[in-house]
Amino acid sequence: MPLENNADTKIEEKNDASPRKVDRQWIKKLIQKHSTDPRLVPYYKELHEKYPILKDKALVVAPMVDQSDLPFRLICRNYGTNLCFTPMIHAKMFHQKESYRKKFWSYVNGTPPEDRPLIVQLCGSDTTNILYAIRYILKSKGGVDGFDLNCGCPQTIAKRGNYGAFLLEKDDGNLIVDLVEKLVREVGNEIPISVKVRILPSGLDDSLKLYKRIVDAGASMLTIHGRNRLQKGLNTGKADWEAIKKVVEQFGEKIPILANGGISNLDDVRECLEFTGVDGVMSSEGILEYPALFSETNTRAVEGKRTGPSRLQLTREYVDIAEKHPPENGGQGNGIRCIRTHCHKFLHEDLNGRVDIRKEIAVAQDHEKLRKCFQDIEELNKAEGHVAEDEVLAWYMRHRIPRRSSEEYSPPKKLQRANNNGDKKAQSISEDDHDS
Ligand SMILES: Cc1cc2nc3c(=O)[nH]c(=O)nc-3n(C[C@H](O)[C@H](O)[C@H](O)COP(=O)(O)O)c2cc1C
Numbered sequence: 001m002p003l004e005n006n007a008d009t010k011i012e013e014k015n016d017a018s019p020r021k022v023d024r025q026w027i028k029k030l031i032q033k034h035s036t037d038p039r040l041v042p043y044y045k046e047l048h049e050k051y052p053i054l055k056d057k058a059l060v061v062a063p064m065v066d067q068s069d070l071p072f073r074l075i076c077r078n079y080g081t082n083l084c085f086t087p088m089i090h091a092k093m094f095h096q097k098e099s100y101r102k103k104f105w106s107y108v109n110g111t112p113p114e115d116r117p118l119i120v121q122l123c124g125s126d127t128t129n130i131l132y133a134i135r136y137i138l139k140s141k142g143g144v145d146g147f148d149l150n151c152g153c154p155q156t157i158a159k160r161g162n163y164g165a166f167l168l169e170k171d172d173g174n175l176i177v178d179l180v181e182k183l184v185r186e187v188g189n190e191i192p193i194s195v196k197v198r199i200l201p202s203g204l205d206d207s208l209k210l211y212k213r214i215v216d217a218g219a220s221m222l223t224i225h226g227r228n229r230l231q232k233g234l235n236t237g238k239a240d241w242e243a244i245k246k247v248v249e250q251f252g253e254k255i256p257i258l259a260n261g262g263i264s265n266l267d268d269v270r271e272c273l274e275f276t277g278v279d280g281v282m283s284s285e286g287i288l289e290y291p292a293l294f295s296e297t298n299t300r301a302v303e304g305k306r307t308g309p310s311r312l313q314l315t316r317e318y319v320d321i322a323e324k325h326p327p328e329n330g331g332q333g334n335g336i337r338c339i340r341t342h343c344h345k346f347l348h349e350d351l352n353g354r355v356d357i358r359k360e361i362a363v364a365q366d367h368e369k370l371r372k373c374f375q376d377i378e379e380l381n382k383a384e385g386h387v388a389e390d391e392v393l394a395w396y397m398r399h400r401i402p403r404r405s406s407e408e409y410s411p412p413k414k415l416q417r418a419n420n421n422g423d424k425k426a427q428s429i430s431e432d433d434h435d436s
């Protein structure tokens, strides 16, 4: 029988006014539960002794529309990531449209066991829609480890859709606080409900007051993206770790806090953990370009050298995984388009000035076409004397202000390649900026 007929989406008004008590250690326990995962063991062995601060901390792939898809999550988990978020799932569409539901979650297959721990992110403001999505996903094969509400997206579409960062400012914060309270009352005993927030444009004091209300409403975790909703695109700027530290000081005894923003390598991860006292660090754009970001590569300890896999190696690995676990298989990725977008991010620097290959990737319809492009890149790189050890993040740095460990960052030496209009056009096909 289809779940639609089964799922109880009715919201009963429960009289239990006392908020559910959050187990402060739930994220730590979740990380510990999966600590014997053979993919993680070598990382833990190498890194925990060297950097005790990393022990039991969450190293997290951020929710990313069409980009934190299943094969991307799996490749990151091969290189030290120990917790992933799905891309946001639009709760209203999920409730109302069977086609959307099928695309964004496979009720029958769930997500494979190697894709755990996993938190599903939802966006929306209507309790009925969100509860429907939660119950549907909870009842699917394998289940998941938590649900998160997107209160970070700064885009106009989020404003129109009444979700994302705008939710924090709606109705003096009452809407999000009510929503969390209701969700926690309904399903809080079954599954943690967390919230990913930005800092309010009106400042940290107002933000802290609102976060307090969200915590009091029963949220199980806050992820603090240390920027406000006006900090996007060219105005992205630094993430405010000072603010994140204040959040930890105020609420860190009650619930786990994750830090998000401005993570470009393991040095940043360690500095952020030490400085803010958070329970974990989430990366989005950095890990999108280099899925092995949570390992010891391009760090001071290895003199900034890329000692991890080269970007071409990772791209090939991603495409192999995507063949076995297509992004659209309950993975919320948009098929070959999603794969191509990943390839453009991974290979940003390799495609710089190589107009023809860039265009070929932008229109490739299958894995073999993509592999042929990778071969062409490999040959060109060889001819140009490319050294994988010298690779650094390039796409990630486009609107960043260098910070601490990356202060010495200088853009990679550009090879003598044309950067003509054709290249810019092909670039815009594939590298749309997304600031959620
Ligand atoms: C392609 C892309 C898609 C994103 N989609 C989402 C999303 O679905 N939900 C969300 O809360 N944030 C989303 N974000 C924002 C990131 O989760 C993260 O908060 C932001 O990029 C800052 O982290 P960073 O400095 O590590 O990039 C997205 C970001 C990118 C680059």
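Using UniProt numbering, you'd call the opening residue of the sequence shown number 1 and step up by one each time. For every residue, glycine included, the Cβ atom is placed at its ideal position computed from N, Cα and C. Remember, it's a predicted structure, so these values are computed and weren't measured experimentally.
Can you tell me whether DSSP reads residue i as helix, strand or coil?
i, result
"L415", "Any reading at L415 needs caution, since the residue's pLDDT is 34, under 50, leaving its predicted position unreliable; the model's value is listed next. DSSP places L415 in coil when its eight states are reduced to three."
"A158", "helix"
"F275", "helix"
"K196", "strand"
"C153", "coil"
"L258", "strand"
"R135", "helix"
"V247", "helix"
"T223", "strand"
"D148", "strand"
"L380", "helix"
"V319", "helix"
"G173", "helix"
"R229", "coil"
"A364", "coil"
"residue 437", "Not covered by the structure: residue 437. The range shown for the chain is 1 to 436."
"V120", "strand"
"F294", "coil"
"L59", "strand"
"I191", "coil"
"H386", "coil"
Under the assumption that residue i contacts residue j (Cβ atoms under 8 Å), give the Cβ distance between them as a whole number of angstroms.
i, j, result
"D66", "C338", "5 Å"
"G218", "R227", "Their Cβ separation, rounded to whole angstroms, is 26 Å, which puts G218 and R227 out of contact at 8 Å."
"M282", "L258", "5 Å"
"I27", "I321", "No, I27 and I321 are not in contact; Cβ-Cβ is about 26 Å, not under 8 Å."
"A383", "C373", "Actually they do not touch by this definition, with Cβ atoms about 16 Å apart."
"L149", "E190", "About 16 Å; that fails the 8 Å criterion."
"L208", "K246", "7 Å"
"F251", "V215", "5 Å"
"T333", "D23", "Correcting the residue type first, residue 333 is Gly in the shown sequence and not Thr. Between D23 and G333 the Cβ distance is about 32 Å, and since that is not below 8 Å, they are no contact."
"C151", "L131", "Wrong, their Cβ atoms sit about 17 Å apart, outside the cutoff."
Return yes when the C-beta of residue i is under 7 Å from any heavy atom of ligand 1, and no when it is not.
i, result
"V144", "no"
"L288", "yes"
"K196", "yes"
"K221", "Before going further, note that residue 221 is Met rather than Lys in the sequence given. No; taking the cut-off as 7 Å, the Cβ of M221 has no heavy atom of ligand 1 nearer than that."
"V247", "no"
"G233", "no"
"G261", "yes"
"E389", "no"
"G152", "yes"
"S284", "yes"
"L71", "It should be pointed out that residue 71 corresponds to Pro in this sequence rather than to Leu. No, ligand 1 has no heavy atom inside 7 Å of this Cβ."
"V65", "yes"
"P87", "yes"
"A239", "yes"
"H225", "yes"
"Q121", "yes"
"A62", "yes"
Does the separation of the CB atoms of residue i and residue j fall below 8 Å?
i, j, result
"T299", "D267", "yes"
"K57", "G280", "yes"
"T127", "L179", "yes"
"F147", "I176", "no"
"V184", "I224", "no"
"K141", "N174", "no"
"L200", "L210", "yes"
"P327", "P71", "yes"
"W395", "E317", "no"
"K305", "E389", "yes"
"R340", "I361", "yes"
"V61", "I287", "yes"
"C84", "R73", "yes"
"I134", "V195", "no"
"R229", "P154", "yes"
"P87", "P63", "yes"
Is it a yes or a no for the segment 163-177 touching the segment 113-133, going by three-plus beta-carbon pairs under 8 Å?
yes
Across the segment 344-359 and the segment 94-107, are there enough close Cβ pairs to call them in contact, namely three or more that are closer than 8 Å?
no
Spell out a yes or no on whether the segment 47-62 and the segment 90-99 are touching, meaning 3 or more CB-CB pairs, one atom from each, closer than 8 Å.
no
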